[in-house]
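Position 4 (the sequence shown) corresponds to 3 in numbering that gives the first Met the number 0; numbering is contiguous. Note that CB positions come from ideal geometry on N, CA and C, so glycine has one too. Just so it is clear, the structure is predicted and the values come from calculations on it, not from any experiment. Below is one structure, written out as structure tokens, with a few remarks after it.
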Amino acid sequence: MDYLVQAALAKLKRNSKKRREGIWWVFVQVILLGEYVECFAEEFNRLLPELRITIIPMLHTEYVRTKNN
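Laid out in structure tokens, this is it:
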């Protein structure tokens, strides 16, 4: 499965909840396959920076939301 395509498709969803769920799913899959990321680094070179750029603002938003409640 091409996680880069899955991440791009998730970012295109209009429903913000489904968009976040899709991005989070890709992130978790890459973390779970972390040992393989090192073995196949050339395939994940584009995906990892893209995920970091996408997931960090999502985590920040959740942190601020939780902190303010």
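Pick helix, strand or coil for residue 11, following the three-state DSSP scheme. Within the sequence shown, the letter at position 12 stands for residue 11. Helix.
Which of helix, strand or coil DSSP assigns to residue 31: In the sequence shown, residue 31 corresponds to position 32, counting from 1. Helix at residue 31.
Provide the residue span of the alpha helix (DSSP H) that contains residue 45, from first to last. If you number the sequence shown from 1, residue 45 lands on position 46. No residue range can be given for residue 45, since it is assigned to no alpha helix (DSSP H) and is classified by DSSP as neither H nor E.
Cutting at 8 Å between CB atoms, please list the residues of its own chain near residue 23, excluding the five before and the five after it. Along the sequence shown, read from residue 1 onward, the residue named residue 23 stands at position 24. Cβ within range, chain order: 54, 57.
Classify residue 2: buried if its beta carbon has 16 or more other beta carbons within 10 angstroms, exposed otherwise. As a position in the sequence shown, residue 2 is number 3, starting the count at 1. Buried, because 16 or more other Cβ atoms sit within 10 Å of the Cβ of residue 2.
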